[in-house]
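Encoded as structure tokens, the structure appears first; notes follow it.
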Amino acid sequence: MSAELAHADDVALSHDAGHESDHDHGHPATVENNFLGLPNIKLAMWAFLGSECMFFGSLIGTYFFYHGKSLAGPLPQDVFSIGITSISTFLLLMSSLTMALAVDAMKLGNKNSARNFLLVTALLGATFVGFQVYEFSHFVHMGLGLSTSLFSSTFYVMTGFHGGHVTIGVIWLTMLALLIHQGKLNTQRLPVSVEVAGLYWHFVDIVWIVIFTFVYLLEFIQ
Amino acid sequence: MSQGHDAHATSHEAGAVHSHRGAYIRLGVILTIVTAIELALPFLKDYPEIWNPIKPVWAPLLVVMSIAKFGAVVAEFMHLRGDRRVYQFLFMSPLLLAVVLFPAVGALSVVTFRPFGEGYASTAIDVRSGYVAPTKGPALEAPLADEKFVLAFNEAKGKNFEAGKKIFGEKCVSCHGKAGEGVANLGFNLTDNCYKYGSTFKDLYLTVAKGQNGGKMPAWSASMKGEEMRQVVYYIKSLKGSNAAGGQPCVGDQVAD
Chain A
137 MSAELAHADD
147 VALSHDAGHE
157 SDHDHGHPAT
167 VENNFLGLPN
177 IKLAMWAFLG
187 SECMFFGSLI
197 GTYFFYHGKS
207 LAGPLPQDVF
217 SIGITSISTF
227 LLLMSSLTMA
237 LAVDAMKLGN
247 KNSARNFLLV
257 TALLGATFVG
267 FQVYEFSHFV
277 HMGLGLSTSL
287 FSSTFYVMTG
297 FHGGHVTIGV
307 IWLTMLALLI
317 HQGKLNTQRL
327 PVSVEVAGLY
337 WHFVDIVWIV
347 IFTFVYLLEF
357 IQ
Chain B
76 MSQGHDAHAT
86 SHEAGAVHSH
96 RGAYIRLGVI
106 LTIVTAIELA
116 LPFLKDYPEI
126 WNPIKPVWAP
136 LLVVMSIAKF
146 GAVVAEFMHL
156 RGDRRVYQFL
166 FMSPLLLAVV
176 LFPAVGALSV
186 VTFRPFGEGY
196 ASTAIDVRSG
206 YVAPTKGPAL
216 EAPLADEKFV
226 LAFNEAKGKN
236 FEAGKKIFGE
246 KCVSCHGKAG
256 EGVANLGFNL
266 TDNCYKYGST
276 FKDLYLTVAK
286 GQNGGKMPAW
296 SASMKGEEMR
306 QVVYYIKSLK
316 GSNAAGGQPC
326 VGDQVAD
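First to last, the protein sequences are chains A and B.
Using the working numbering, the first residue of the first sequence is number 137, and each one after it goes up by one.
Using the working numbering, the first residue of the second sequence is number 76, and each one after it goes up by one.
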């Protein structure tokens with residue numbers, strides 16, 4: 137293992153799995169664990185996700201701040217289609233499961249299975265984005281432009297940023313799967329690379345869990 | 076699902092790795108069931124015996140289910156439960172801040188929002204239109220500020236504009252037609268996007284209150300209360316753009332608002 141590792145380290149990217157942190161390789165490209173003994177990239181991802189909480193918190197907060205104050209229609213109840221949104225919501229939820237399974241497989245060193253789960257996850261995510269594109273174009277068709285009303289502006293910005301996050305995730309996971317397939321990544325750091333991508337992906341999913349319930353489902357409560 | 080056995084970072088120690096696959100799949104099934112409940116239960120509306128007891132708690136229940144799903148994904152899929160404190164801190168503190176801060180700001184703004192409806196000095200001068208309430212006869216209640224109009228409009232919309240529709244049927248149909256389509260030589264079409272005197276809430280309110288064109292469109296402030304005039308304004312505002320059949324031709328300008 138150490139022979140392979142030493143070799144792989146020479147072509148290492150800047151993110152280290154941290155598994156071998158207390159190893160004796162001195163060169164900076166591999167010493168990625170910080171003073172806490174944790175992989176920097178995972179720490180960074182959690183810090184980033186913390187800031188994302190505030191980011192999406194403000195977008196969702198703004199949506200509700202202006203809820204019911206739109207002057208011009210169509211209003212949420214006129215355009216929302218719970219049926220279609222439920223399907224895409226379910227797909228995104230399932231993508232979280234496949235993502236977790238990818239992380240799990242990678243930890244066990246099962247690269248092929250990890251790659252496959254990553255691809256399935258990316259596919260589910262891409263389908264979600266497809267649904268959103270359809271939804272947006274449908275809304276625009278019904279006369280709901282970006283600047284039609286307070287509802288339309290806050291809704292599009294909120295869900296648009298979420299969809300953007302999903303899109304980035306899809307690209308990320310696809311790249312990761314490809315690199316795993318080509319064997320281009322350092323085997324030692326792969327588990328953390330996949331885990332960190334997973335953290336991002338799950339976060340995007342939980343943001344949607346909130347949006348789906350609070351924006352879509354609660355809209356139809358009398 | 077996974078127990079605390081791997082607390083403090085098994086995942087960082089080579090050798091002690093084991094699969095959570097079973098637990099993940101179990102959680103996936105639970106999440107699916109919860110989502111199915113969220114979506115399926117409202118269909119019970121057709122069965123009042125079952126739905127009526129659920130109805131009052133349905134909204135809180137939806138919130139609880141959403142939070143539970145959120146928590147489960149963070150704790151298990153993201154493995155934050157049992158992971159390092161520093162990760163928990165980095166994620167949970169801004170999350171809590173967001174959950175407390177944004178609703179608090181929202182609540183504050185509602186409290187400081189002046190209650191709308193009455194309370195405007197009856198002799199107020201409307202700055203935008205330059206309209207001064209008449210000193211003779213019953214004082215004209217000044218129009219509301221725009222955002223209050225919007226709120227009240229949405230409230231009226233929730234009630235299907237019933238109050239305004241009724242007043243319109245009693246006082247306006249004779250000249251503006253049953254659907255607001257207008258009557259030749261009597262009253263304008265109120266269902267197009269064409270207005271002579273403007274279509275903002277304030278414009279409509281002033282038109283109704285003080286009349287237009289030397290009384291061809293009568294002034295209603297003497298015979299209607301402010302709230303009645305507002306209700307009918309919400310109703311005719313909702314007619315805008317509905318383009319009722321047989322509408323009278325446009326007199327005035329096409330307006331966007």
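Using N, Cα and C, we set each Cβ at its ideal position, and we do this for glycine too.
is_contact[residue 151(B), chain A] using C-beta, thresh 9 Å: Judged by the 9 Å Cβ criterion, residue 151(B) is in contact with chain A.
C-alpha gap between residue 302(B) and residue 227(B), whole angstroms: When only Cα atoms are considered, residue 302(B) and residue 227(B) end up about 10 Å apart.
Cβ contact check for the stretch 139-157 of chain B and the stretch 336-348 of chain A: 3 or more pairs under 8 Å: yes
C-alpha distance - residue 96(B) paired with residue 131(B), whole-angstrom precision: 38 Å
Beta-carbon contacts of residue 37(B) that lie in its chain and below 6 Å, excluding the five residues immediately before and after: Residue 37(B) is absent from the structure shown; chain B starts at 76 and stops at 332.
Near-chain B residues of the stretch 304-323 of chain A - C-beta to any C-beta below 9 Å: none
Chain-ordered neighbours of residue 353(A) on chain B, where CB pairs are closer than 7 Å: 113 and 137
Within chain A, the residues that residue 133(B) reaches when beta carbons sit closer than 7 Å: 357
Chain B contact for residue 294(A) (CB, 9 Å cutoff): It does not; no Cβ of chain B falls within 9 Å.
Outcome for residue 255(A) when other beta-carbon atoms lying within 10 angstroms are tallied against a minimum of 16: Within a 10 Å sphere around the beta-carbon of residue 255(A) sit 16 or more other beta-carbons, which makes this residue buried.
Presumed contact (8 Å Cβ cut-off) between residue 23(B) and residue 265(B), rounded CB distance: Outside the shown range of chain B, which is 76 to 332, sits residue 23(B), and nothing can be said about it.
Neighbour flag for residue 173(B) against chain A, beta carbons, 9 Å: Residue 173(B) counts as touching chain A.
Backbone CA spacing between residue 227(A) and residue 221(A) [nearest angstrom]: 10 Å
Buried or exposed (CB count within 10 angstroms, at least 16 for buried), residue 101(B): That one is exposed.
Contacting positions in the stretch 231-254 of chain A - beta carbon closer than 9 Å to chain B: Taken in chain order, the members of the stretch 231-254 of chain A whose beta-carbon sits within less than 9 Å of a beta-carbon on chain B are 232, 233, 234, 235, 236, 237, 239, 240, 241, 243, 244 and 245.
Three-state secondary structure (DSSP) of residue 329(B): strand
Length of the line joining the Cα atoms of residue 282(B) and residue 240(B): Straight-line Cα distance between these residues: approximately 17 Å.
Distance CB(residue 346(A))-CB(residue 145(B)) smaller than 9 Å: yes
Collapsed DSSP secondary structure at residue 131(B) in the structure displayed: Correct three-state label for residue 131(B): helix.
Continuous alpha helix (DSSP H) stretch holding residue 248(A): start and end: 247-277
Residue-chain proximity (residue 274(B), chain A), Cβ-Cβ < 9 Å: no
Interface residues of chain A facing residue 219(B) [CB-CB closer than 8 Å]: Near residue 219(B) there are no residues of chain A at all, since even the closest Cβ is about 13 Å away, more than 8 Å.
Straight-line Cα distance separating residue 166(B) from residue 341(A): 15 Å
Outcome for residue 277(A) when other beta-carbon atoms lying within 10 angstroms are tallied against a minimum of 16: exposed
Short Cβ contact (9 Å threshold) for residue 312(A) with residue 138(B): Against a cut-off of 9 Å, the Cβ pair of residue 138(B) and residue 312(A) comes out as no contact.
Residue 237(B): contacting residues in chain A (beta-carbon distance under 8 Å): Taking a Cβ-Cβ cut-off of 8 Å, residue 237(B) has no neighbours in chain A, whose nearest Cβ is about 16 Å from it.
C-beta contact flag for residue 327(A) and residue 239(A) at 9 Å: yes
C-beta neighbour in chain A for residue 107(B), strict 9 Å: yes
Rounded C-alpha distance that separates residue 254(B) from residue 257(A): 53 Å
Proximal residues of chain B, C-beta to C-beta of residue 223(A) below 9 Å: Chain order gives no chain B residues near residue 223(A), where near means a beta carbon separation below 9 Å; the closest approach is about 10 Å.
Neighbour-count burial assignment, residue 328(B), 16 or more Cβ in a 10 Å radius: With fewer than 16 other CB atoms across the displayed protein chains lying within 10 angstroms of its CB, residue 328(B) is exposed.
Near ligand 2: residue 183(A) beta-carbon under 8 Å from a heavy atom: Questions concerning ligand 2 fall outside what the structure shown contains, since it holds no ligand whatsoever.
Integer-rounded CB distance, given that residue 270(B) should sit under 8 Å from residue 304(B): Their Cβ separation, rounded to whole angstroms, is 17 Å, which puts residue 304(B) and residue 270(B) out of contact at 8 Å.
Cα-Cα separation between residue 280(A) and residue 202(A), rounded to whole angstroms: Spanning the two alpha carbons is a distance of roughly 16 Å.
Nearest-angstrom Cα separation, counted from residue 225(B) out to residue 291(A): Between residue 291(A) and residue 225(B), the C-alpha separation is close to 18 Å.
Proximity test, Cβ basis, 9 Å: residue 194(A) and chain B: yes
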